[in-house]
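Per the UniProt record's numbering, the sequence shown starts with residue 1, numbered consecutively.
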Amino acid sequence: MKPTTAISRRLIIYLGITLPLLWILTAIISAVAVMHEINEAGDTQMSQLAQRLLHTPINLNSSQYSALPSIPKPQRGLIDAKESGYAIWYKGKLINADETGQSIPYQPNYQGFINQGYWWQSHAWRIFYLNSPQQQLKVAVSFSMHERLQTVLRAVWSQLAVSILALPLLLWLIAWSVRRGTQPLQTLAQTLYHREPHSITPLSNIVPTEILPIINALNDLFQRIEQSRARELRFTADAAHELRSPLAALKVQTEVLALTSLNDAQQQRVRSIEHSIDRTTRLVDQLLTLSRLDPLTELPHTEAVNWTDITNDAIESVSLLARERHCRILRQFNTDAAAVLPICGDHTLLTILIRNLLDNAICYSPEHSIINLTLNANSISITNPCNDIASENLKRLRERFFRPAGQESSGSGLGLSIVDGIAQLHWLQMELDIVKIRKYKNETINFQVKLQQKAL
């Protein structure tokens with residue numbers, strides 16, 4: 001199943017999209033609020049200006065009106081003179097106005113605010129009309145709605161610009177915070193990745209509260225797996241022990257039967273029974289070895305390894321099988337005996353390791369074969385003739401009870417599994433390979449097992 005997007009990445013994406021959208025929404029709300037405040041303030045100023053103009057002394061008998069004095073440009077601030085205007089009428093006749101106010105329409109029967117055009121149009125105006133108590137004098141004050149909009153945009157942009165400039169820093173802080181927050185999950189993943197397969201040590205519960213249920217569930221799972229594994233090992237060991245005595249008795253009875261006067265067909269059946277008993281006895285011994293080997297996560301005691309003694313013991317233990325199949329074991333030292341693969345380990349387990357490799361080599365080689373045991377300064381290899389093995393089967397030879405199809409020799413498929421387990425305990429790496437040697441027009445196929453120290 002394809003993994004989903006990482007939690008940290010999803011959080012960063014969600015926050016990275018949501019935050020700018022939230023800022024845009026905030027800017028819109030701020031713009032509406034600022035527009036409302038500016039409109040209120042502007043309308044108040046317009047009404048106050050209209051009242052002042054209404055009470056300004058004006059020569060009503062003059063045929064020519066004179067404009068009020070203009071405000072010098074440095075004193076106008078951001079407001080242009082053309083963005084506001086005023087007009088004064090007396091009995092419907094315009095008697096005073098500035099340049100902008102001359103275009104204000106006269107509304108004889110209206111008093112109050114009125115909009116001329118829409119706020120997004122550059123020629124839109126907001127006009128305030130005020131009448132005198134005698135209804136003879138009328139004052140109008142106008143202000144550009146477009147200018148009000150520009151004022152709002154400038155106010156909002158001044159706030160938003162700071163936020164936009166701070167956005168990259170804020171996104172970086174969000175990413176850092178998310179990664180910092182998910183660090184306990186990454187630490188847990190690394191702990192599980194480097195955990196030994198047979199380790200039953202509980203995980204530390206000194207973690208954030210959100211991760212504690214995961215830790216508790218994993219610790220409970222480890223405990224249940226260990227209990228199940230212990231039951232299986234006890235069953236295997238008990239069954240193997242219980243089978244050894246009946247098998248030994250069967251072996252003795254079969255040997256006694258073989259000494260009686262039997263015809264050739266009966267002798268063949270007896271030999272077949274002996275062969276089956278030997279195979280079953282070997283399987284029981286290997287199961288007992290596995291039951292002792294599986295619980296080990298490290299060696300209980302170690303000592304400097306003497307490969308000469310180990311190989312002597314292993315060769316002696318398989319000498320009978322080698323004679324039965326007319327095979328020879330050639331041991332070759334390519335370095336000083338004391339310098340061969342210097343490690344510390346368990347003599348008994350390493351003897352089992354070499355014995356199983358030699359046992360496999362003898363069983364799966366043709367009769368009258370030569371088994372080469374080569375000891376080097378940094379490796380030990382065992383090579384024997386064999387039939388060609390497919391690459392996919394070669395990779396599976398370490399699996400328990402796996403035997404490639406078409407094998408004529410009897411076996412349980414546990415030998416290399418035991419070897420691999422012992423090698424792991426000694427920090428040795430087992431390499432399996434098919435070596436093809438061409439000599440003249442003939443080609444021989446050899447199976448090679450090589451042991452060497454793991455790279456740190």
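Glycine included, every Cβ here is placed at the ideal spot set by N, Cα and C.
Proximity winner among ASP309, ILE225, ILE174, relative to PRO202 (alpha-carbon distances)
Cα-wise, what sits closest to PRO202 is ILE225.
Quick check on the DSSP output: the beta strand (DSSP E) that includes GLN116 runs from which residue to which?
It spans 112-116 - the beta strand (DSSP E) in which GLN116 sits, taken as one unbroken run.
Spatially closest choice to HIS426 from LEU299, ALA161, THR191, by CA coordinates:
Of the listed residues, the one whose Cα sits closest to HIS426 is LEU299.
Residues in the same chain with beta-carbon distance under 6 angstroms from ASP346, minus the five sequence neighbours each way, listed in chain order, please.
Taken in chain order, the residues that qualify are LEU299.
Got a sec? Which residues, its chain only, sit under 6 angstroms from SER142 by beta carbon, not counting five neighbours each side?
Apart from the 5 residues on each side of it in sequence, SER142 sits with its Cβ closer than 6 angstroms to the Cβ of GLY85, ILE104, TRP125, ILE127 in its chain, given in chain order.
Element boundaries [beta strand (DSSP E), containing ASP106]:
Reading off the sequence shown, one finds Tyr at residue 106, where the question assumed Asp. Counting along the chain, TYR106 sits inside no beta strand (DSSP E), nor does DSSP assign it H or E at all.
Using CA atoms only, rank isn't needed, just tell me which of LYS436, ALA377, LEU416 is closest to PRO385.
Among LYS436, ALA377, LEU416, the Cα nearest to that of PRO385 is on LYS436.
In whole angstroms, give me the CA-to-CA distance for ILE79 and ASN39.
Confidence at ILE79 is low in this model, with a pLDDT of 47, below 50, so its placement is unreliable and the value that follows should be read with caution. If you take the alpha carbons of ILE79 and ASN39, they lie about 15 angstroms apart.
Please classify ARG355 as buried or exposed, where buried requires at least 16 other C-beta atoms within 10 Å of its C-beta.
In summary, ARG355 is buried, with 16 or more beta-carbon neighbours lying within 10 Å of its beta-carbon over all protein chains present.
Measure the alpha-carbon distance for ASN263 versus ILE370 and round it to whole angstroms.
The straight-line gap from Cα to Cα measures roughly 35 angstroms.
Figure out for me which residue from GLN159, ASN109, ALA155, GLY117 has the closest Cα to the Cα of GLN135.
If we check each option's Cα against that of GLN135, ASN109 comes out closest.
Of the residues LEU167, GLU99, LEU357, which one's Cα is nearest the Cα of GLY16?
Minimum Cα distance to GLY16 is reached at LEU167.
Between the C-alpha atoms of ILE71 and ASP98, what's the straight-line distance to the nearest angstrom?
Bear in mind that a pLDDT of 46 at ILE71, under 50, signals an unreliable position, so the number given afterwards is only what the model happens to contain. Here the alpha carbons of ASP98 and ILE71 stand approximately 12 angstroms from one another.
Between which residues of its own chain and GLN75 is the CB-CB distance below 6 angstroms, once the five residues before and five after are set aside?
Reliability of the predicted coordinates at GLN75 is poor, the pLDDT of 41 falling under 50, and the value obtained from them is presented with this limitation in mind. So the list is empty, once near-sequence residues are dropped.
In whole angstroms, what is the alpha-carbon distance linking VAL270 and GLU303?
Whole-angstrom Cα-Cα distance: 45 angstroms.
PHE447, buried or exposed, once every other Cβ within 10 Å from all chains shown has been counted against 16
Answer is buried; the Cβ neighbour count reaches 16.
Does the distance from the CB of VAL156 to the CB of ALA27 come in under 7 angstroms?
Cβ distance < 7 angstroms, so VAL156 and ALA27 count as in contact.
Opposing strand residues paired with THR374 [DSSP bridges]:
Looking at the DSSP output, THR374 sits in a beta bridge with GLN332, SER381.
Distance, CYS363 Cα to ILE343 Cα:
For ILE343 and CYS363, the distance between alpha carbons rounds to 29 angstroms.
Could you check whether ARG325 and GLU392 sit closer than 7 angstroms to each other, using their CB atoms as the reference points?
ARG325 is positioned such that its CB atom lies no closer than 7 angstroms to that of GLU392.
Rounded separation between MET1 and CYS327 - CA only
In this predicted model, MET1 has a pLDDT of only 46, less than 50, meaning its place in the structure is not dependable enough to derive any value.
Which one or two residues does DSSP pair with PHE447 in a beta bridge?
DSSP output for PHE447 lists ASN384, ILE434 as bridge partner(s).
7 angstroms Cβ cutoff met for ILE380 and LEU451
Yes, they are a contact pair.
Which residue spans inside the segment 116-202 form an unbroken alpha helix (DSSP H) run of at least 4?
Within the segment 116-202, the complete alpha helix (DSSP H) runs of at least 4 residues are 145-181, 183-193.
To which residues does DSSP link TRP23 through a beta bridge?
Looking at the DSSP output, TRP23 shares a beta bridge with no other residue.
Just to confirm the assignment, what range does the beta strand (DSSP E) spanning TRP427 have?
For TRP427, no beta strand (DSSP E) segment is defined, and its DSSP state is neither H nor E.
Between which two residues does the alpha helix (DSSP H) carrying SER365 extend?
Element bounds for SER365: n/a, residue is neither H nor E.
I need the boundaries of the beta strand (DSSP E) containing LEU94, first residue and last residue.
Per DSSP, LEU94 belongs to the beta strand (DSSP E) from 93-97.
To the nearest angstrom, how far is it from the Cα of SER144 to the Cα of ARG179?
Each residue's Cα considered, the two are about 52 angstroms apart.
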